[in-house]
Amino acid sequence: MMNELRDPDLESLFRQADRELDGEAHTARVMRRIRNLKLLVLAGGLSAALLLLGGAWMIFGVSLFEFAVLISEALATPLFDLGQGWLALLLLPANTVATLLVITFKALRIFHKRVAGTLPGRP
Amino acid sequence: MQKAQDYYPECPEAFLVSLARTGDRKAFEALVLRRQSSIRNLMRRFCGDHAMADDLAQQVFFKVWLNIRTLRKPGAFSAWLRRLAVTVWLKHLRKKDALRSAAELSGMEPAQRESAASVAMDLDRALATLPERERLHLVLSYNEGLTHGEIAKLTGTPLGTVKSHIRNGSLRLREALSAYREDPETGQ
């Protein structure tokens, strides 16, 4: 094979030319470039996120706000009509759809813990 | 108290590669420090211009950082790094003629031969007179010790072409560097 027939003089010259180069400055330049890339990616990501948020707010902002109002009104709806008296005022925080949802969620977690031995989402 | 990073210079390369794959920049820095000399020397042989070679070597390491997660076997880092270096060089060649004109360089007298630096300079000058592909194949053979088959695979060139490039390139390089052979003091 030709490969085994490398010119020994040339081989020797290549070996001589292959000297150890000081690498501190070169390595520092490479690392600086990598840091700059990281900053660039970060700045780009932040700009893109801001643009996306701004665009989303322009498109969905108003309807999102209306949706939030609707949800909060639905959650605050009283479960039982207790009239306008002091009892109604006293029980107002507990007498809502939101309270019912929280109690149901808690009960389901406790039930799951009893049956499966663990809480959902925990090892 | 010493940090784990303080031991990086003594760590095996495969370990540093594994750490760099997880995004450890200190490990990557240690890798660059360890490998920069060979890659810069390789690029110097390819292009003959030290400043350009250093810039290209930086590009190589930058690519390494961007792609190191795709390297499955840390033990294959050396070959992978060489492949990236060749890719960067070929891409550079495609962009523009990286060579100084051969006519400009031919006829130059060998520099003073007291140091390895001047040997490198003469070698780079002589290499620069060769056609791009011929030089690439010759450097991969002599500088990197690759077989013809490996060079053909790495550069995507037919095996016969690689062989003839190395044969012709060796002859031309010998001629260009004949002063080294004729000078008994150099021992060449």
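Residue numbers (our numbering), protein chains in the order written: chain A, 10 to 132; chain B, 4 to 191. Think of the CB as a built atom: it goes at the ideal place given N, C-alpha and C, for glycine as much as any other residue.
Counting only the Cα atoms, ILE68/A lies some 31 Å from LEU110/A. Interface criterion not met: the Cβ of GLN8/B is under 8 Å from no Cβ in chain A. Measuring C-alpha to C-alpha distances from LEU74/B to each of THR25/B, ALA7/B, LEU93/B identifies THR25/B as the nearest.
ALA37/A and TRP68/B have their C-alpha atoms some 14 Å from each other. Residues of chain A whose Cβ lies closer than 9 Å to the Cβ of VAL35/B are, in chain order, GLY32, HIS35, THR36, VAL39, MET40. A straight line joining the alpha-carbon of LEU162/B with that of VAL142/B spans about 16 Å. A contact is defined here as three or more CB-CB pairs under 8 Å, and the stretch 25 to 40 of chain A meets this definition with respect to the stretch 33 to 53 of chain B. The contact set of ALA123/B on chain A, defined by CB atoms closer than 7 Å, consists of ALA26, ARG28 in chain order. The shortest C-alpha to C-alpha distance from HIS95/B to any of ALA182/B, ARG177/B, ALA56/B is the one to ALA56/B. Counted as a single uninterrupted DSSP element, the alpha helix (DSSP H) harbouring GLY63/A occupies residues 33 to 84. If you draw a 10 Å sphere on the C-beta of GLY172/B, you find 16 or more other C-beta atoms in it, and that means buried. Between ALA129/B and LEU45/B, the C-beta spacing is not below 8 Å. In its chain, beyond the 5 residues on either side, VAL91 have a beta carbon closer than 6 Å to the beta carbon of GLN62/B. In this structure the stretch 10 to 17 of chain B does not lie against the stretch 13 to 24 of chain A, because fewer than three pairs of beta carbons, one per stretch, are closer than 8 Å. If you look at GLU13/B, you'll find it isn't in any alpha helix (DSSP H); DSSP assigns it neither H nor E.
Under the three-state reduction of DSSP, PRO87/A is assigned to strand.
Per DSSP, reduced to three states, the secondary structure at THR73/B is helical.
The beta-carbon separation of LEU133/B and ARG97/B, rounded to 18 Å, does not stay under the 8 Å limit for a contact. The DSSP assignment places 28 to 50, 53 to 70 as complete runs of the alpha helix (DSSP H) inside the stretch 17 to 86 of chain B, in order along the chain (cut-off: 4 residues). Beta-bridge partners assigned by DSSP to THR105/A: PRO87/A.
VAL78/A is classed as exposed because its beta carbon has fewer than 16 other beta carbons within 10 Å across all chains shown.
Note on geometry: alpha-carbon atoms of LEU91/A and THR105/A lie some 12 Å from one another. ARG15/A carries a coil assignment under DSSP once its states are collapsed to helix, strand and coil. Each residue's CA atom was taken as its position, placing LYS29/B and HIS53/B some 26 Å apart. Within 7 Å of the CB of LEU19/A, the CB atoms of chain B belong to TYR145, SER173, LEU176, ARG177, in sequence order along the chain. Per DSSP, the unbroken alpha helix (DSSP H) holding GLY163/B starts and ends at 162 to 179. For LYS6/B, the three-state secondary structure derived from DSSP is coil.
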